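There are 2 protein chains.
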Amino acid sequence: MTPAPDISESEWTVMEALWDAAPQTASELTKLLRPTTKWAENTVRTLLTRLVEKGALKTAENSSGTRTYLPAVKREACVRAEGESFMQRVFGGAAKPLLVHFAQNSKLTAEEVRELKKILDQSLKS
Amino acid sequence: MTPAPDISESEWTVMEALWDAAPQTASELTKLLRPTTKWAENTVRTLLTRLVEKGALKTAENSSGTRTYLPAVKREACVRAEGESFMQRVFGGAAKPLLVHFAQNSKLTAEEVRELKKILDQSLKS
DNA sequence: CTCCCATCACTACATTTGTAGTTGCCACAT
DNA sequence: ATGTGGCAACTACAAATGTAGTGATGGGAG
């Protein structure tokens, strides 16, 4: 896989939209994001261009000659990279304090807690 | 509490040093960070100045007239803010997927797992 | 008394990010 | 043929960030 490019906050918004549904054209995306972001179409286009430069997106021409964008990297890879970097920056790279922090600062349902416990069991260092 | 200023990555390094031991002078900090960062003293000074502007640090004159820096915001508050923003950006604001992600991507000891389970129990939504 | 070093305040400058505006080009409706 | 509406390419520009350099200054070493 491509080494998960650095994706800024605004860019991340665009990526999410495309991870959710791809491919899409610039104007489709603009309309889709308009309610949440209020971005001008050119803003979206700039972000798209930058994401292509960074290798996070690919483009394809559709039949009618217009361009369409789609992810070039998997969401999971980017999440992992971002998470890694965040954990490094804020928790000195240690997973446990991070987990403790978020566990303490969240309200979870009993069901969620059950689920998480199960996952924890599977992450036992062997 | 002060509304937890936005702290950049390099700045975070400096903050950690001061949360760890404060107050410290610019040159003390420079020496302390040198091994890890290779920063010139002026770089550290710039970061310190910016952090003071942002309200993340305060200064005090020590007896010999030189200046000393110390945190003006608590680490926990900054961690919470950063964590909040990260969770928003990458997990759409939902704690559970975040916890799942980090639980799955970590190797934990049995002891750590026990501890985390206990904390999970306490975060039960009432 | 003088010169140098530590400190501090300013200035510098390239990149990245957020957020567009401007221009050029082409197919399609008149 | 022609104007217009879309789309793409390029340009703009301020704030934040990373990483220093330069100039002024005051107090000690000699």
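First to last, the protein sequences are chains R and P.
All letters in the first sequence, in the order written, are residues 7 to 132 by our numbering.
All letters in the second sequence, in the order written, are residues 7 to 132 by our numbering.
Positions of the beta carbon are idealized from the N, C-alpha and C atoms, including for glycine.
All figures in this text were calculated on a predicted structure; none of them were measured in a lab.
| Query | Result |
| --- | --- |
| Alanine 116/P and leucine 105/R closer than 8 Å at C-beta | no |
| Short CB-CB distance (under 8 Å) between lysine 80/R and chain P | no |
| Listed by chain order, chain P residues near lysine 37/R by CB distance under 8 Å | Under the 8 Å cutoff, chain P gives no residues; its nearest Cβ is about 20 Å from lysine 37/R. |
| Buried or exposed (CB count within 10 angstroms, at least 16 for buried), leucine 130/P | exposed |
| Distance CB(alanine 32/R)-CB(arginine 51/R) smaller than 8 Å | yes |
| Residue-chain proximity (leucine 54/R, chain P), Cβ-Cβ < 8 Å | no |
| Beta-carbon neighbours of proline 16/R, restricted to chain P and to distances below 7 Å | Correcting the residue identity first, residue 16/R is serine in this sequence and not proline. Near serine 16/R there are no residues of chain P at all, since even the closest Cβ is about 10 Å away, more than 7 Å. |
| Integer-rounded CB distance, given that arginine 86/R should sit under 8 Å from asparagine 48/P | No, asparagine 48/P and arginine 86/R are not in contact; Cβ-Cβ is about 36 Å, not under 8 Å. |
| Threonine 65/P - DSSP class collapsed to helix/strand/coil | strand |
| Strand pairing of arginine 73/P, partner residues [DSSP] | Glu67/P |
| Beta-bridge pairing of leucine 35/P - partner residues as DSSP gives them | Paired residues: none, contrary to the question. |
| Residue range of the unbroken alpha helix (DSSP H) whose run includes proline 103/P | 101 to 110 |
| Opening and closing residue of the alpha helix (DSSP H) in which glutamine 30/R lies | Glutamine 30/R -> no alpha helix (DSSP H), and no H or E assigned at all. |
| Distance CB(proline 77/R)-CB(alanine 10/R) smaller than 8 Å | no |
| Alpha-carbon to alpha-carbon, lysine 44/R and glutamate 34/P | 47 Å |
| Contact list for serine 70/R against chain P, beta-carbon separation under 7 Å | Those do not exist, as serine 70/R stays about 33 Å from chain P at its closest Cβ, beyond 7 Å. |
| Segment contact, 8 Å Cβ cut-off, at least three pairs: the region 63 to 81 of chain R with the region 64 to 72 of chain P | no |
| Short Cβ contact (8 Å threshold) for tryptophan 25/R with arginine 73/R | no |
| For proline 114/P, the residue or residues it bridges with in DSSP | One detail in the question is off: residue 114/P reads as leucine in this sequence, not proline. Leu130/R. |
| Backbone secondary structure at alanine 46/P - three-state DSSP | coil |
| Glycine 146/P, DSSP secondary structure in three states | This structure cannot speak to residue 146/P, because chain P is shown only from 7 to 132. |
| Beta-carbon proximity of arginine 56/R to glutamate 88/R, cut-off 8 Å | no |
| Backbone CA spacing between histidine 107/P and glycine 61/P [nearest angstrom] | 33 Å |
| Test item: CB-CB of leucine 126/P and lysine 123/R under 8 Å | yes |
| Rounded straight-line distance, which links the Cα of glycine 71/R to that of alanine 83/P | 51 Å |
| Chain P contact for arginine 51/R (CB, 8 Å cutoff) | no |
| Residue-level contact to chain R via CB, alanine 106/P, 8 Å cutoff | According to the sequence as given, residue 106/P is valine; it is not alanine. Yes, valine 106/P counts as interfacial toward chain R. |
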